[in-house]
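Below: the structure, in structure tokens.
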Amino acid sequence: MFEVAGKLSGGMKRKLCVGISLVGGRRVILLDEPTAGMDPASRQAIFQLLQHCKRDRTILLTTHCMDEADLLGDRIAIMVRGRLICAGTSEFLKNRFGTGYLLSIDLMPRQNLHSFDQKEQLLSTIRKHIPEIEKQSATSQQITVLLPIECKKSFPNLFIELEQNAGKYGINSFGLSLNTLEQVFLKVGELEDANLTAITDLENIAEQQASILCSNSFMHTGLLLWLTQVTALLRKRFICYQKQWSRLIYQILLPIIVLVFTVFYVKNLSTREEKKQGILLNAGRISPCVVPVQLEDPEELFGHNVLQVIRNITGYSHKLVSTSESMELNLAKLPKIPPPVGMAVTYNTEDGYIAATVFFNAKARYGPVIAMTLVNNARLGQFADSIEVSFLPYGNVSGVSPLVSLNSHIFLIAPILIIIFAFVSSGFVTYVVDDLNTNFLHQQLRTRLNTFTYWLTMIISDLLLYAFICAVFIAILGEWLSNLKFE
């Protein structure tokens, strides 16, 4: 069941090599003639295996079988005499190097002198339907014509006319085949051979090649080398931004959107104005109570007005206190009897002037103002709370409120900014991690790249992107602060 690798056949050894190259899980695999020496069934199995494995890795394959290259290659490069001649997809190479459909026409044997004219008439008939034809070869028994792929719609009419006039043109049979990559390879080789034959002085060619290889004109040193490396690394990072644009969404776009929504919320919160309404201060603000009144002459106008005002207040009543008694002693007795006393009024006349004294409950809110309002209404002869006194608190003190309001807004935005910059900063690490995981950093260091240059370039590229992000953030916050209104 088990066999030493050295005793295996050539095809089995080739299968073993392909399997060993794939089980390592490497991202880049080099294969040289992977199906050489295999039977057709094994070749098809290897083809299917490579088609499946190339999805998540890069495979560099060399082969002389063009059908293998056409089936497996996403991009195909053709080398002639050790030189790279062309590269591209299979469709590109076929279109570029005269590929298309080959129309092969077998002719009947002719011994007369008009056979050449018949061939020209046959080619003229083909050109009548497809003007872009190209004659590949012409012998006494066969004519091969190249038909462009884009002229497929004209093929049916051409074939009908050839069948109908087969005897006239001496056609024995004809067939159509699609040009293969093998024909492309042969044509590229012919073109390269033609170019090489044009150069006769081989010694000059050797000298030119040697001068190019030995020349230092393409080698940079010193500061120029360092600048070239920095430029190449910055360009590599820019290409990463283009290829991996989804990372920029999480690193730039998402934080900007979060910041805009946060500023919009705080802006609406700061512009929300509270409706300031005055607090009406009248006797109704104190719960219904008995008002002790001490009048020198109840029939006098002021005393009459005081009693009338008290009667007009809902739930209020008065108690007359004799002038011979002390108002303070009476007030000391009243709190024991509900309802509690909110105010008291006493007055006397001296030298023709009315001296009114108002007592108020210090525990009652706005008691002094309400008591004075009641007395003033009585003095004006109003029998109800005609005078309305309202309490309106002052706004914020200038110079203090903006600082307090700004601090409160910053307290709301600061935690969001911390989270946003955490997203922004974490995005810079991913590119370095990719270089380490793919061993690309090791490859760069093998090309005379200094470690200091690599990390310095990473810092420069990160700072450029970070400066752009900060500029956007500053513009958003500056616009918000410029429109922020403090009261």
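Sequential numbering from 1 applies to the sequence shown in full-length UniProt numbering. Just so you know, even glycine gets a beta-carbon here, dropped at the ideal spot from N, CA and C.
DSSP-derived helix/strand/coil call for E33: coil
Between the CA atoms of F468 and L30 - distance to the nearest angstrom: 41 Å
Short Cβ contact (8 Å threshold) for T457 with L233: yes
Top-ranked residue by Cα proximity to A475, from T35, W245, D435, V263: V263
Contact with chain D by R448, beta-carbon distance below 8 Å: Absent from the structure is chain D; it holds one protein chain and no more.
Bridge-paired residues (DSSP) for A77: A87
Rounded Cβ spacing between T62 and E33 (contact assumed at less than 8 Å): 7 Å
Beta bridge counterpart(s) of K319 as assigned by DSSP: P292
C-beta contact flag for Y101 and L181 at 8 Å: no
contact_flag[the stretch 288-297, the stretch 315-329] where n(CB pairs < 8 Å) is 3 or more: yes
Where N439 falls, given that 16 or more other Cβ within 10 Å makes a residue buried: exposed
Supposed close pair V18, I46 - CB separation, criterion 8 Å: 6 Å
Candidates T139, V321, I130, L107: closest to N165 by CA position: L107
For D74 and I85, the rounded distance between their alpha carbons: 17 Å
Start-to-end residues for the beta strand (DSSP E) that takes in S482: Looking at the DSSP string, S482 is not in any beta strand (DSSP E); the run it does join, the alpha helix (DSSP H), is 451-482.
Proximity of V230 and F97 at Cβ, strictly below 8 Å: no
Residue environment, A378, which counts as buried when at least 16 other CB atoms sit within 10 Å: buried
Residue from G6, L123, L253, K152 with nearest C-alpha to I105: L123
Close-in-space but distant-in-sequence residues of the same chain around I171 (CB under 7 Å, 5 per side omitted): I105, L107, L162
Contacts around V36, its chain only, beta-carbon distance under 7 Å, and the 5 residues preceding and following it disregarded: For the record, residue 36 in the displayed sequence is Ala; it is not Val. Answer for A36: R14, listed in chain order.
Contact under 8 Å by Cβ, R247 with G11: no
With 16 other Cβ atoms within 10 Å as the buried cut-off, status of residue 560: Limits of the chain in this structure are 1 at one end and 487 at the other, which puts residue 560 out of reach.
Per-residue DSSP class, three states only, for S9: coil
Rounded separation between F155 and V145 - CA only: 13 Å
Buried versus exposed call for residue 556 [16 or more other C-beta atoms within 10 Å across all chains shown]: There is simply no residue 556 to check, as the chain begins at 1 and stops at 487 in what is shown.
Nearest residue (CA-CA) to F159, options L463, T125, T139: T125
Buried or exposed by the 16-neighbour rule on C-beta atoms within 10 Å, applied to S401: At S401, the pLDDT of 48 sits below 50, so the modelled position is not reliable and the matter cannot be decided from this model.
Collapsed DSSP secondary structure at residue 551 in the structure displayed: What is shown of the chain runs 1 to 487, which leaves residue 551 out entirely.
Separation of K236 from K243, as counted between CA atoms: 10 Å
Helix, strand or coil at K54 according to DSSP, with G and I counted as helix: coil
Distance, Y466 Cα to I460 Cα: 10 Å
Reference F174; option with closest CA among D193, Q142, C151: Q142
I256, DSSP secondary structure in three states: helix
G51 versus C65, A69, F238, residue with shortest Cα-Cα distance: The question names Gly, but residue 51 in the sequence shown is Gln. Nearest option by C-alpha distance: A69.
Coarse secondary structure for I413, derived from DSSP in three states: helix
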